[in-house]
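Protein chains in written order, with the numbering used here: chain A, 2 to 87; chain Y, 141 to 626.
Every residue, glycine too, gets a C-beta built ideally from N, C-alpha and C.
These numbers come from a predicted model, not from an experiment.
Structure first, commentary second.
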Amino acid sequence: MARREFWQRINALAAQGVTVLITTHFMDEAEYCDRLVLMSLGEILAQGSPAELRAQAKSPEHPDPSMEDAFIKLIEAYESQIRRAS
Amino acid sequence: MATETPTTSPLRFAGVRKRFQRGKDAVLALDGLNLELTPGQVTGLLGPDGAGKTTLIRLAAGLLRPSEGKVFLFGQELSTGTTDLQEKIGYMPQRFGLYEDLTVQENLDLYSDLQGLAPEQARNRQQDLLKLTALGPFGKRRAGALSGGMKQKLGLACALLRAPQLLLLDEPTVGVDPIARRELWEIIQSLRGAGTTVLMSTAYFDEAERCDAIVLLHEGKLLRQGNPQSFTDPLRGRCFLVRHHEMRRRALRESLQQRPGVRDARIVADGIRVLTGPEPVTPAADEQWEPISPAFEDAFVELLGSGTTATVNTAPTTTTITDGKAAEAVVEVEGLRKFFGHFEAVKSSTFSVRRGEIFGLLGANGAGKTTTFRMLCGLLSPSAGTLRVAGVDMRRASSAARARIGYVAQKFALYGNLSVDQNLAFFAAAYGLRGKQRAAAIARVREEFQLAPYGPVNADNLPLGIKQRLALACALLHEPPILFLD
């Protein structure tokens, strides 16, 4: 519940014009952001709104991925590509 | 001596109270707790910060003794001759005591030895566990060089060496990235299949939903116990997904949260998730309300309140930005790189952030998020690239830009042995606030963050939620237009 109060304050600050940059491991919190970058091994893999990030992980089997699905899929795809290359 | 009827429950609490002395005050961490775990189930332990979750787990692990009442493990009271009982349990604290200078294999050997496993037995068990945790290829790596998620998996492997019948896990998935969290959860699932009883505390509601049973604690008392459905079923017909064609999600959430009859409104992927009270709420014009199934988080909010404080000033002030396109970029990053020796921690990053935006950095542990943050804050100098924050080139005039940013670190950089008031005074001085200006800034954040009642309390003794408030308050004393939260 501390996180809820925290986000309520962050939203209030943003509404007042404060710019907020945040890192989080809570994928539901990623939805509260206006825009995001997704990083892996020092590289930016994707950036955009939460909907744009989720859309990048769409596939016929997963037409409606959650942010967590998108995170796992994009990072795993990138990291296995790096491993193959090395 | 235990005289109660033996029970097959792996863990039972009977009227357990636990008091702690905190400074001059006595704190009742657990208040008359009765609890019984079902064998072979995964039980999730949930509750707000300070509810007593860690105390409960430490009592079950035999690390603490109850002030009153009794704890039974497999029907036997945990107080006398408990060494044979200890062998039946595995325990992983929030920070497992790995030896960071030893390798993965050496840690496993050491813990096998400490737990009295015969060499042959240890070897077989270790092989199984290395396979289960997929740590096999990392046997020769120093534990200190593992990612957060891999450390958690190694800690779990150490706790599983004796193939415990009861496994106690204190927030095993906290602070790990989604990939490691999924792997840890798969390991826990596989234990369930093998008949192990698991008690795990968690801050994740989706994990609670995957447990067989949930124990919800509040202020040291058992608020409710049951399977996940027993929590969510009573809320059928009260959960909705609300969409609006024009309103931005944050504004829509705010409007819904303020509406009479709405218990909770939160942003989700497709819109705003709303929990109403028992009375139906009439949608406003242009809103689409679609009924959805209740989730555990709805039950949590229903039973414990939304945790949002009415006094938080959410009213937009005169500086409110109207919309995205007019706002200028306040953070501009181009081709940003950072080397540590030969290791490239950040590889040519380019992005910009506009005024009033909430901008998220996601990534696995070790992806370069914190390194990027530290460069943006002027705490670390970039190896290459351009970096402008609030119009200032961070490579030339980082101190000028630093005055315009607030920074809250993962581990709040508070002074634990200073009081709340002393921390505020220290940070106000550090941000160059003097005299009347300093007094006014401190008074403002004390009120805004409701810190007045905690003024003389040392930061170390604050509940987590209040500590978080204090950390934010300290970062906002000089009213920075840019805030970094790591």
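Query, Result
"Classify N453/Y as buried or exposed, calling it buried when 16 or more other Cβ atoms lie within 10 Å of its own Cβ.", "Low confidence applies to N453/Y: its pLDDT is 49, below 50, so where it sits in the model is not reliable enough to give any reading."
"Can you give me the Cβ contacts of E80/A inside the same chain, cut-off strictly under 8 Å, excluding the 5 residues immediately before and after it?", "S41, L42"
"Just mark K293/Y as buried or exposed, buried being the case when its beta carbon has 16 or more other beta carbons within 10 Å.", "buried"
"So which residues on chain A does V408/Y lean against when the C-beta distance must stay under 8 Å?", "D29, E32"
"Pick helix, strand or coil for F479/Y, following the three-state DSSP scheme.", "strand"
"Are the beta-carbon atoms of L623/Y and V19/A separated by less than 8 Å?", "yes"
"Which residue from V382/Y, A425/Y, E386/Y, M387/Y puts its Cα closest to that of D404/Y?", "V382/Y"
"In terms of residue numbering, what span does the alpha helix (DSSP H) encompassing G288/Y cover?", "288–299"
"Report yes if the C-beta of R413/Y is less than 7 Å from at least one heavy atom of the ligand NAD; otherwise report no.", "This structure simply doesn't include the ligand NAD, nor any ligand for that matter."
"Where does M534/Y fall in DSSP's three states?", "coil"
"I want to see whether chain A comes within less than 8 Å of F513/Y, judged by CB atoms only; does it?", "yes"
"Tell me the residue span of the alpha helix (DSSP H) that contains I545/Y.", "That residue, I545/Y, is in no alpha helix (DSSP H); its beta strand (DSSP E) goes 545–548."
"Shortest alpha-carbon distance to D426/Y belongs to which of A504/Y, R388/Y, E442/Y?", "R388/Y"
"Please classify Q365/Y: does DSSP put it in a helix, a strand, or coil?", "strand"
"So is I83/A in contact with chain Y if we call contact Cβ pairs under 8 Å?", "no"
"May I ask you to report which of helix, strand or coil DSSP gives Q305/Y?", "coil"
"So what does F160/Y bridge to, in DSSP terms?", "V167/Y"
"Between the Cα of A507/Y and the Cα atoms of A52/A, D29/A, T25/A, which residue gives the shortest distance?", "T25/A"
"Got a sec: which bits of the region 6–26 of chain A sit with their beta carbon under 9 Å from any beta carbon on chain Y, in order along the chain?", "E6, F7, W8, Q9, R10, I11, N12, A13, L14, A15, A16, Q17, G18, V19, T20, V21, L22, I23, T24, T25, H26"
"For F7/A, report the span of its beta strand (DSSP E) as first-last.", "F7/A -> not in any beta strand (DSSP E); alpha helix (DSSP H) instead, spanning 3–16."
"Alpha carbons only, please: which of T194/Y, F160/Y, L203/Y, V211/Y is nearest the one belonging to S149/Y?", "V211/Y"
"Given a cut-off of 8 Å on the beta-carbon distance, is the pair A166/Y and R159/Y in contact?", "yes"
"With a threshold of 6 Å on Cβ separation, who are the neighbours of L307/Y within its own chain once the five nearest residues in sequence on each side are excluded?", "G230, T336, V338"
"Where does L250/Y fall in DSSP's three states?", "helix"
"How about V355/Y and L516/Y: do their beta carbons lie closer than 8 Å?", "no"
"Please list the residues of the region 479–501 of chain Y that have a C-beta atom closer than 7 Å to any C-beta atom in chain A, keeping them in chain order.", "E484, A485, V486, K487, S489, F491, V493, R495, G496, E497, I498, F499, G500, L501"
"Using CA coordinates, which residue listed in L168/Y, G289/Y, Q267/Y, F153/Y is at the minimum distance from E217/Y?", "F153/Y"
"Can you give the Cα-Cα distance for R609/Y and G445/Y, rounded to whole angstroms?", "19 Å"
"Spell out whether any CB of chain Y is found under 8 Å from the CB atom of A3/A.", "yes"
"Applying the criterion that 16 or more other CB atoms from any shown protein chain within 10 Å of the CB defines a buried residue, is D310/Y buried or exposed?", "buried"
"Could you give the residue range of the beta strand (DSSP E) that holds T499/Y?", "Per the sequence shown, residue 499/Y should be read as Phe rather than Thr. 498–503 is the span of the beta strand (DSSP E), which, as asked, contains F499/Y."
"Between which two residues does the beta strand (DSSP E) harbouring A524/Y extend?", "524–529"
"Is it true that the region 569–578 of chain Y meets the region 589–600 of chain Y, where meeting means three or more beta-carbon pairs spaced less than 8 Å apart?", "no"
"Less than 8 Å between CB atoms is the rule here; does S41/A satisfy it with respect to chain Y?", "yes"
"Rounded to the nearest angstrom, how far is the Cβ of A191/Y from that of L357/Y, given a contact under 8 Å?", "4 Å"
"Please return the same chain residues whose Cβ sits closer than 7 Å to the Cβ of N557/Y, not counting the five positions on each side in sequence.", "N598, D600"
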